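Everything below concerns the one structure shown next.
Residue numbers (the numbering used here): 575 to 1051.
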């Protein structure tokens, strides 16, 4: 692994470049990027060896297995050979069912009109999607009984410890849909091909990311040539990324100081995609032909920078001590930036610099006040008669499509509540509001007004008054 992170792939590269082709090849890995790159390299080797060959890709859901096996088992009309790539990740993972999954599924179905009297409003397309999802759950957990929705519902609800909701589940499972091939049927079809196919003009390449090691199908696939791109532990993952980084830098016509790769992996971020994204940024911005350790260290330090939105998020989640530590660092830093560019964990572009040190206090206070006002407005709207929000936290799509329009609609006898802002921002505030009561939010905003007044009248410094405001809201103190 030290010299070549794709060393285990060598026998498969040789196999796809020589006729007759083996019927099946298998690539297993613990990182999505590594598995995808392995499939790409095998397809490239196949294309070089068979210029008139054909490469096709399928996933292991729906009818993908059936189509992939059919391709691999038939002669191509306009190609000499075929490489058929099939992602079997979902098929090689044992599905675990939770009570929340069943509750969420049935609550969404009820909102879409499942079980409503004739003539009542309903959303057939939504119900069809949910029925397809329910059938997939039943099949993946082994609860599906062909032609018997009631028995399937009883088994599925029992496994999710929601037996009381079996009648609702039966209605959903019985909803007419045209769904894909069942998981167990797909596995059976795949295993039949694996056991019967012989060497010839076509090869079926199976790929999977982090499959269940005890899955019964893996033992059947063990007879096929296979490559396992698996690391034993974090140390092995770092070593693999270091080798990958060296390969990447040399491909780009550069060199790198030895500490560059160690610096990028020392934080515990061991995903190949994130590692290569950061390394490519260093290569693109390198002065000359050498990537330096100093540049890597600057990149890491910059990504550790905290933003005003980090502080606001910590407060919204009631993590007051964490918010206190972030505020102290923000007010002591040489620069202040309100929002983290391109998401908290992704590669960030250069952020626009703002006020420094104590001068950042009022922008920070403004960010926090705006978020708390949004949370209060949503909480108040949800508490209005007729809002009917339900006790569950809605996901983003449900919030935007169903809940937000109802909250914005005027209701007789209710005062208008302003809910302005991007739906994504409102959804974050909506989720955070579940952890606060109306009285707590109102009190928090009154307290922020007192902090603002105290700083402007000289009662205390911004850092001191904000610290007091945070500590008063920490129930542990």
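The beta-carbon is built from N, C-alpha and C at its ideal position, and this holds for glycine as well. All of these numbers come straight from a predicted model, not from anything done at the bench.
Identify whether residue 993 lies in helix, strand or coil by the three-state DSSP scheme. Counting from 1 along the chain shown, the entry for residue 993 is found at position 419. Coil.
From residue 1034 to residue 864, what does the alpha carbon distance come to, in whole angstroms? The residue given as residue 1034 occupies position 460 in the chain shown. The residue given as residue 864 occupies position 290 in the chain shown. Approximately 51 Å between the Cα atoms of the pair.
In chain order, what are the residue ranges of uninterrupted alpha helix (DSSP H) at least 4 long that sit wholly in the region 849 to 901? 867 to 877, 882 to 890
Rounded to a whole number of angstroms, what is the C-alpha to C-alpha distance between residue 643 and residue 595? Position 69 of the chain shown, counted from the first residue, corresponds to residue 643. Position 21 of the chain shown, counted from the first residue, corresponds to residue 595. Using only the alpha carbons, I get a separation of about 15 Å.
Is residue 607 a contact residue of the ligand NAP, with contact defined as CB to any heavy atom under 8 Å? With respect to the ligand NAP, the structure shown offers nothing to examine, as it has no ligands at all.
For residue 667, the nearest candidate out of 645, 720, 688, 602 (CA to CA): As a first step, residue 667 is located in the chain shown; it is residue number 93 there, counting from the start. Residue 602 is the option with its Cα nearest to residue 667.
Assign residue 1020 to one of three DSSP states: helix, strand, or coil. Working through the chain shown from its first residue, we reach residue 1020 at position 446. Residue 1020: helix per DSSP, three-state reduction.
Use the C-beta contact count for residue 1102: other C-beta atoms within 10 angstroms, 16 or more gives buried, fewer gives exposed. The structure shown has nothing for residue 1102, since the chain only spans 575 to 1051.
Can you give me the start and stop residues for the alpha helix (DSSP H) that residue 804 sits inside? As a working mapping, residue 804 is identified with position 230 in the chain shown. Per DSSP, residue 804 belongs to no alpha helix (DSSP H) and is neither H nor E.
Quick check on the burial criterion: 16 or more other C-beta atoms within 10 angstroms. Buried or exposed for residue 1008? Against the chain shown, residue 1008 aligns to sequence position 434. Exposed.
Can you tell me whether residue 911 is buried or exposed? The criterion is at least 16 other CB atoms within 10 Å of its CB, across all chains shown. The residue you call residue 911 lines up with position 337 of the chain shown. With 16 or more other Cβ atoms within 10 Å, it is buried.
For residue 827, which three-state DSSP category applies? Reading the chain shown from its first residue, position 253 is the one you call residue 827. If DSSP states are grouped into helix, strand and coil, residue 827 belongs with coil.
Segment limits, beta strand (DSSP E) that includes residue 603: Along the chain shown, one-based indexing puts residue 603 at 29. From DSSP, the beta strand (DSSP E) with residue 603 extends over 598 to 603.
So, under 8 Å CB-CB, residue 805 and residue 814 are touching, yes? Tell me the CB distance rounded to an integer number of Å. Against the chain shown, residue 805 aligns to sequence position 231. Against the chain shown, residue 814 aligns to sequence position 240. Indeed they touch by this definition, with Cβ atoms about 6 Å apart.
Is the distance from the Cβ of residue 747 to the Cβ of residue 708 below 9 Å? The count along the chain shown starts at 1 and reaches residue 747 at position 173. The count along the chain shown starts at 1 and reaches residue 708 at position 134. Cβ distance < 9 Å, so residue 747 and residue 708 count as in contact.
Please classify residue 590: does DSSP put it in a helix, a strand, or coil? In the chain shown, residue 590 corresponds to position 16, counting from 1. Reduced to three states, the DSSP call for residue 590 is coil.
Per-residue DSSP class, three states only, for residue 651: Position 77 of the chain shown, counted from the start, is the residue given in the question as residue 651. Note: residue 651 maps to coil in three-state DSSP.
Touch test, the region 679 to 686 against the region 648 to 664, Cβ-Cβ under 8 Å, three pairs minimum: no
Determine the contact status of residue 615 and residue 657, defining contact as a CB-CB distance below 9 Å. Indexing the chain shown from 1 puts residue 615 at position 41. Indexing the chain shown from 1 puts residue 657 at position 83. Contact: no.
Using only alpha-carbon positions, find the residue among 934, 660, 943 that is nearest to residue 782. Position 208 of the chain shown holds residue 782. If we check each option's Cα against that of residue 782, 660 comes out closest.
I'd like the list of long-range same chain contacts for residue 1006, defined as Cβ closer than 6 Å, with 5 residues on each side in sequence excluded. Residue numbering aside, residue 1006 sits at position 432 when the chain shown is read from its first letter. Closer than 6 Å at Cβ, skipping near neighbours: 890, 949.
Could you say which of 593, 611, 592, 598 lies nearest to residue 581 if we only look at CA atoms? Translated into the one-based positions of the chain shown, residue 581 becomes position 7. Comparing Cα positions, the closest option is 611.
How about residue 665 and residue 742: do their beta carbons lie closer than 9 Å? As a first step, residue 665 is located in the chain shown; it is residue number 91 there, counting from the start. As a first step, residue 742 is located in the chain shown; it is residue number 168 there, counting from the start. No, the pair does not count as a contact, with Cβ atoms beyond the cut-off.
Quick check on the burial criterion: 16 or more other C-beta atoms within 10 angstroms. Buried or exposed for residue 903? By 1-based counting over the chain shown, the position of residue 903 is 329. The residue in question, residue 903, is exposed, as its Cβ has fewer than 16 Cβ neighbours within 10 Å.
Three or more beta-carbon pairs under 8 Å between the region 867 to 874 and the region 826 to 836, yes or no? yes
Counting along the chain, where does the alpha helix (DSSP H) carrying residue 612 start and finish? For the purposes of this step, residue 612 is taken as residue 38 along the chain shown, with counting starting at 1. Counting along the chain, the alpha helix (DSSP H) containing residue 612 begins and ends at 606 to 623.
So residue 911 is in the beta strand (DSSP E); what residue range does that whole segment cover? Against the chain shown, residue 911 aligns to sequence position 337. No beta strand (DSSP E) contains residue 911, which DSSP labels as neither H nor E.
According to DSSP, which residues form a beta bridge with residue 629? Walking along the chain shown from the start, residue 629 turns up at place 55. Looking at the DSSP assignment, residue 629 forms a beta bridge with 657.
Is any beta-carbon of chain C found at less than 9 Å from that of residue 687? Among the chains of the structure shown, chain C does not appear; only one protein chain is present.
Own chain partners of residue 1044 with C-beta closer than 7 Å, once the 5 adjacent residues on each side are dropped: On the chain shown, residue 1044 is found 470 positions in, with the first residue counted as 1. Correct list, in chain order: 894, 897, 898.
Bridge partners for residue 780 per DSSP, in chain order? Counting from 1 along the chain shown, the entry for residue 780 is found at position 206. Answer is 600, 660.
Classify residue 632 as buried or exposed, calling it buried when 16 or more other Cβ atoms lie within 10 Å of its own Cβ. If you number the chain shown from 1, residue 632 lands on position 58. Answer is buried; the Cβ neighbour count reaches 16.
Using the DSSP secondary-structure output, state which residues sit across from residue 774 in a beta bridge. Translated into the one-based positions of the chain shown, residue 774 becomes position 200. Per DSSP, 595.
Does the Cβ of residue 726 have 16 or more other Cβ atoms within 10 Å, making it buried, or fewer, making it exposed? Here the question's residue 726 lines up with position 152 in the chain shown. So residue 726 ends up on the buried side.
Just mark residue 841 as buried or exposed, buried being the case when its beta carbon has 16 or more other beta carbons within 10 Å. Looking up residue 841 in the chain shown gives position 267. Exposed.
Contact under 9 Å by Cβ, residue 552 with residue 617: This structure cannot settle anything about residue 552, because the visible part of the chain is limited to 575 through 1051.
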